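Peer 1: In order, the protein sequences belong to chains G and C. Numbered as in my numbering, the first sequence ends at 125 without a single skipped number. Numbered as in my numbering, the second sequence ends at 125 without a single skipped number. Pasting a structure here, questions to come.
Number of protein chains: 2
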Amino acid sequence: MNYSKQREIILNTLKENVVHPTAEYLYDVLKKSNSTISLATLYRNLNQLAENGIIKKIDGLESSSHYDHNTHEHYHFICDKCKKVYDISADVAPDLVKKAQEETGFTINGSDIVFHGICKDCNK
Amino acid sequence: MNYSKQREIILNTLKENVVHPTAEYLYDVLKKSNSTISLATLYRNLNQLAENGIIKKIDGLESSSHYDHNTHEHYHFICDKCKKVYDISADVAPDLVKKAQEETGFTINGSDIVFHGICKDCNK
DNA sequence: CTAAACTTGATAACAATTCTCATTTTATTT
DNA sequence: AAATAAAATGAGAATTGTTATCAAGTTTAG
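This is how it looks when you write it as structure tokens:
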């Protein structure tokens, strides 16, 4: 992977975002800050960054993928009403990957763990 | 939900499938058994069945959704090489949903828990 | 038996993502 | 720093999975 200005901007924009944005959301943010990054370049770089373990692609949330700059093991919750994505500590299931590996005998390289329901705000 | 012949066929076909098929896979199976079920009807019914809790739609595996006739709590593993989908017992993380609920205070209605890596067969 | 509600098939439409390809940037070798 | 190879880019076309539309057929309750 060579250095590229665009990739740097994309990564920084993702890092500045507390939420877990979709490509489309990032694209809008980038456009507003006058970056002339094309949608293809955005997708290409998000995929590359994820393949290199620098960011994490979160699937299973909605029809579109979300991206997370936090690669430490943790899970996600999406509110079915407001669609906000929250982090859940990996402490709720200690050694989850290890145990799954023991049970199956498979080599586990990653996991996508997503809960959905209604968040506190929407429950009011 | 009214009775419908098509829905019955779709549900039975899904039940007979030990794998966790995609809509496309099911469509092929149905065509081979001379069912004249249109793709739209298939998708419509899979969604309805899932909404009514009769089957489960599994997201986060691949670009397309998979469907599971087993609605008891359990997790999934997809082999990145052969793309086969395996079940993982919920025992690897007892009370996962309950704990996540306690930690967050959110109402959790469901979860998609997917591990990926290389299965035993492909590891040989 | 009739009317209202539901379901269907065929196909168009859609949204998210990837591909193509000519041009530009970055890295490497001299 | 010039030449060359390798990687990245932008723009838009293409692809994939899924949903919407709508006229016609089916199911169900009264």
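C-beta atoms are modelled at their ideal positions from N, C-alpha and C, and glycine is treated no differently. Everything numeric in this text was worked out from a predicted model, so none of it was measured.
Could you tell me whether the stretch 40-55 of chain C touches the stretch 112-119 of chain G, using the rule of 3 or more Cβ pairs below 8 Å?
Peer 2: No, the stretch 40-55 of chain C is not in contact with the stretch 112-119 of chain G.
Peer 1: What residues of chain C sit near Cys120 (chain G), judged by a beta carbon separation below 9 Å?
Peer 2: The answer, in chain order, is Thr105, Gly106, Phe107, Thr108.
Peer 1: Can you give me the C-alpha to C-alpha distance between Asp75 (chain G) and Ser64 (chain G), rounded to a whole angstrom?
Peer 2: Rather than Asp, the amino acid found at residue 75 (chain G) in this sequence is His. The alpha-carbon atoms of His75 (chain G) and Ser64 (chain G) are separated by roughly 21 Å.
Peer 1: In chain C, which residues lie with their C-beta within 9 Å of the C-beta of His117 (chain G)?
Peer 2: What His117 (chain G) touches in chain C: Ile109, Asn110, Gly111, Ser112, Asp113.
Peer 1: Whole angstroms are fine: how far does the CA of Ser39 (chain C) sit from the CA of Ile38 (chain G)?
Peer 2: One C-alpha to the other measures close to 41 Å.
Peer 1: Which of the three DSSP states is assigned to Cys80 (chain G) in this structure?
Peer 2: Cys80 (chain G): strand per DSSP, three-state reduction.
Peer 1: Give me whichever residues DSSP pairs with Tyr87 (chain G) in a beta bridge.
Peer 2: According to DSSP, which records beta bridges pairwise, Tyr87 (chain G) is partnered with G:Phe78.
Peer 1: Residues of chain C with CB under 8 Å from Leu43 (chain G), in chain order?
Peer 2: Neighbours of Leu43 (chain G) on chain C: none; closest Cβ ~18 Å, over 8 Å.
Peer 1: Alpha helix (DSSP H) containing Lys125 (chain G): first to last residue?
Peer 2: Where Lys125 (chain G) is concerned, there is no enclosing alpha helix (DSSP H), given that its DSSP letter is neither H nor E.
Peer 1: Going along chain C, which residues have a C-beta under 9 Å from Asn124 (chain G)?
Peer 2: Chain C residues near Asn124 (chain G): Gly106, Phe107, Thr108.
Peer 1: Can you give me the C-alpha to C-alpha distance between Tyr28 (chain C) and Phe78 (chain C), rounded to a whole angstrom?
Peer 2: Cα-Cα distance, rounded: 23 Å.
Peer 1: For Leu97 (chain G), which residues in chain C fall below 7 Å Cβ to Cβ?
Peer 2: Those within 7 Å of Leu97 (chain G) in chain C are Val93, Ala94.
Peer 1: Taking the alpha-carbon positions, what's the Lys16 (chain G) to Thr72 (chain C) distance?
Peer 2: So the alpha carbons of these two residues sit roughly 37 Å apart.
Peer 1: I want to see whether chain C comes within less than 8 Å of Ile56 (chain G), judged by CB atoms only; does it?
Peer 2: Chain C, which has no Cβ nearer than 8 Å to the Cβ of Ile56 (chain G), makes this no.
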